[in-house]
Amino acid sequence: MLKGAIFVGIGGFIGSITRYVTTVFVHKIFPTTFPLGTLIVNLVGCFLIGIILGIFEKGEVLSSEMRLMLSVGFCGGLTTFSTFTNDTINLINDREVLFLTFYMGVSVFLGISLTLFGKTVVNYIWR
0 MLKGAIFVGI GGFIGSITRY VTTVFVHKIF PTTFPLGTLI VNLVGCFLIG
50 IILGIFEKGE VLSSEMRLML SVGFCGGLTT FSTFTNDTIN LINDREVLFL
100 TFYMGVSVFL GISLTLFGKT VVNYIWR
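In numbering that gives the first Met the number 0, the protein residues as written are 0 to 126.
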């Protein structure tokens, strides 16, 4: 259990830094009240976890420690559901109904679609 926690921690550390750098970078390029950086990291994280889980389902390609580090750690640190909920509340408070609807719809539906797409890519490549 301690070994798994260490792998999750390492992955979470890297994922969290990646999230921070990405959101700052995106906000500098596209300064807006719309939480574009959060949306991007959540969608990329959905796609990546689909790839990781797809590879893991292929057998002994990834060790269980690597699976923990990449899916629970890295993707957990990268994706930001708590930030998503906070951004959603901010959009509600700002009465940004159009942004709110778009943000929630794209995050949920495109996020699920990209997770499935990641697994499909692995299944297509790894026949």
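By construction, the Cβ of each residue, glycine as well, lies at the ideal position given by its N, Cα and C atoms.
Being a predicted model, the structure only gives us computed values, none of them experimental.
ask   = Can you tell which of Thr119, Leu47, Ser106 and Pro34 has the C-alpha that lies nearest to the C-alpha of Gly14?
value = Leu47
inquiry  = If we require 4 or more residues per run, which alpha helix (DSSP H) segments fall completely within the stretch 28–79?
reply    = 35–56 and 63–66
request  = Work out the CA separation of Ile91 and Leu99 for me, nearest whole Å.
outcome  = 7 Å
request  = Check whether the Cβ of Asn89 lies closer than 9 Å to any Cβ atom in chain B.
outcome  = Considering every chain present, this structure includes no chain B. It has just one protein chain.
The alpha helix (DSSP H) enclosing Val121, as first and last residue numbers = Gly110 to Ile124
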